[in-house]
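A short worksheet on the structure shown next.
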Amino acid sequence: GPLHHQEVGPQIIQLLSQSTLNQLPPDIIAMFDSEIIEQLRADVIDKLPILTIQRLSVPTIEKLGSEIISKLDVDVITKLDIKIIEKLDIDVVRQMPGEIIAKLNPEIISKLDVSSLERLSDRK
161 GPLHHQEVGP QIIQLLSQST LNQLPPDIIA MFDSEIIEQL RADVIDKLPI LTIQRLSVPT
221 IEKLGSEIIS KLDVDVITKL DIKIIEKLDI DVVRQMPGEI IAKLNPEIIS KLDVSSLERL
281 SDRK
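Residues 161 to 284 (the numbering used here) make up the sequence shown, in order.
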């Protein structure tokens with residue numbers, strides 16, 4: 161039968177230089193394996209679909225801008241370094257589970273609302 165769509169294989173990508181890869185449209189880059197995407201520049205990764213960004217490694221996600229990180233699922237954000245979480249929009253920080261809220265610096269905790277602070281008591 162006809163070839164079905166696959167992830168763009170490493171053999172094609174090896175023919176392309178980093179600078180060429182960095183110039184491809186986001187929807188093409190999104191088809192690549194995560195390992196390849198992770199080698200691209202942060203400003204290129206920033207423009208990829210959220211679902212693509214979410215499958216990348218924590219160190220790669222941590223290099224991205226706060227506005228992008230803020231759009232990721234809570235369970236992805238909770239894996240990131242606390243310093244990065246602290247830089248996110250306060251509305252995002254408010255959604256974090258109790259164990260993350262407990263690690264925040266006091267200045268940020270002081271900006272949270274009651275419902276976020278109540279989550280401190282349901283820490284496992």
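Glycine included, each C-beta is placed from N, C-alpha and C at the ideal position.
Item, Value
"Contact with chain D by I189, beta-carbon distance below 8 Å", "The structure shown contains no chain D, having only a single protein chain."
"Residues near E198 by beta carbon distance below 7 Å, same chain, minus five either side", "L216, S217 and T220"
"S177 versus I210: straight-line alpha-carbon distance, rounded", "25 Å"
"Nonlocal neighbours in the same chain, by C-beta distance under 7 Å from K239, ignoring five residues either side", "V218"
"Extent of the continuous alpha helix (DSSP H) to which N182 belongs", "Q178 to Q183"
"Cβ shell of L248 (< 8 Å), same chain only, five flanking positions each side left out", "S226, I229, S230 and I237"
"Contact set for I268: own chain, Cβ-Cβ below 7 Å, skip 5 residues either direction", "E246 and V253"
"Sequence ranges, beta strand (DSSP E) only - wholly within the stretch 218-251, length at least 3", "none"
"R201 to D241 span [Cα, whole Å]", "20 Å"
"Backbone CA spacing between K263 and L224 [nearest angstrom]", "21 Å"
"Start and end residues, alpha helix (DSSP H) containing S276", "V274 to E278"
"Through-space distance from I250 to E278, alpha-carbon basis", "16 Å"
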